[in-house]
Every structure is written in structure tokens, then in C-alpha cells.
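Novice:
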Amino acid sequence: MDGLHKIFRLVKAIILLNSAAIFDKIFSDDFILDIIGVLEYDPEDRNVQNHSAFLKEHAVFKEAIPIRNASVVSKIHQTYRICYIKDVILPKGLDEATLASLNAIINANNAFVVCLLKDDTSFMQRLFATMRSSNISAESKRELVKLAFHFVVYFFRYTLLYRTCKNV
Numbered sequence: 005m006d007g008l009h010k011i012f013r014l015v016k017a018i019i020l021l022n023s024a025a026i027f028d029k030i031f032s033d034d035f036i037l038d039i040i041g042v043l044e045y046d047p048e049d050r051n052v053q054n055h056s057a058f059l060k061e062h063a064v065f066k067e068a069i070p071i072r073n074a075s076v077v078s079k080i081h082q083t084y085r086i087c088y089i090k091d092v093i094l095p096k097g098l099d100e101a102t103l104a105s106l107n108a109i110i111n112a113n114n115a116f117v118v119c120l121l122k123d124d125t126s127f128m129q130r131l132f133a134t135m136r137s138s139n140i141s142a143e144s145k146r147e148l149v150k151l152a153f154h155f156v157v158y159f160f161r162y163t164l165l166y167r168t169c170k171n172v
């Protein structure tokens, strides 16, 4: 177990380097679940945490309206996993600068998602057509309303970034 604790410390130190280039690599779809797996072996916690199992088996991505753009889906997953690392795995282990960088990545990902979805006329048409439909359950309608609400909140939160949405 000592070797796994050393790897945990190494990965945590790499995260604390607070490097955008490193973040791009370790938070990519190719590596993020492995990074989370390593972070299960915190030497300060006597029990091994099963974060990767939780993310694979219990953290279910609900699509109120299917998203056809794979880049958008990837950013949504990446954002959730970065939030999970920040809020669950390393909530006390991050310095202010690293926390600010992770929040900046989360905000940029959210802006990316909203920019692409707002310009996806097919997505927007399906969203509003489904909301107007009388053939959906109350639960589905609630999910659609939550999606629309979050979309509007993020849209207004990232208004300044929308001026450059075409550059995404």
C-alpha cells in the first residue's frame, strides 16, 4: 500500500503544479479516470475510496434531450469529473491558485457547452418541441425544465464569453 500512497502524493503534487498543459493532459478522456483511480489511495484516509467505481457505476449522465455533438458530451463529462476531484476527492488538499485554475477550467467548459448548444438549432428545436409535447411524463417535463433553467443561467453567466463564441 505504501507504493500506492507514494503515487497518490506524486499525482497530487502534479495537480498542485497548477499547469494548464498538465491539466489538459491529465483531465483528458484518456487519463482522467486513471488519475481518479490513483487518488483513491490517500494516505491520510485509512480506507481506499472507490471514486472510479462510483463514477463508472453510479454517476449516471441523464440526457433530457440527446446531445449529438461528441465534443459537448466529452466536456460535460470532463467538467463533472473535475468538479468531483475538486469537491470530493481533494477538497482540503488544493491551494487557492490551483482551486482558481480548476474553477477557470470548469467555467470555460461550461461556456464551451453553452456556446455550442445555443448554436445547435436541432438541439434547441428538439428541446422546445419536447417541452410542448403532451406525450411526456411529469418527471421528463421536470428534467426538461431543469435543463432549460440551467441553460439560461449559464447563458447569462457567460454573456461576456458569448461575444467570442464563434472562436470556440
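For what it's worth, the numbering used here labels the leading residue of the sequence shown as 5, then goes sequentially.
All residues carry an ideal CB built from backbone N, CA and C; glycine is no exception.
This one's a predicted model, so the numbers in the text were calculated from it and none came from an experiment.
What is the rounded straight-line gap between the Cα of Q82 and the Cα of R136?
Specialist: The C-alpha of R136 is placed about 31 Å away from the C-alpha of Q82.
Novice: At the level of alpha carbons, what is the spacing between F27 and A108?
Specialist: So the alpha carbons of these two residues sit roughly 12 Å apart.
Novice: At the level of alpha carbons, what is the spacing between L21 and T102?
Specialist: Within the model, the alpha-carbon separation for L21 versus T102 is close to 8 Å.
Novice: What separation, rounded to the nearest whole angstrom, lies between the Cα atoms of Q129 and A112?
Specialist: Annotation: Q129 to A112 spans about 25 Å, alpha carbon to alpha carbon.
Novice: Grouping DSSP H, G and I as helix and E and B as strand, with all else coil, what is G7?
Specialist: Here G7 sits in helix by DSSP.
Novice: By the three-class DSSP mapping on this structure, what secondary structure does N139 have?
Specialist: coil
Novice: Starting from G41, trace the alpha helix (DSSP H) in both directions and tell me its first and last residue.
Specialist: I36 to V42
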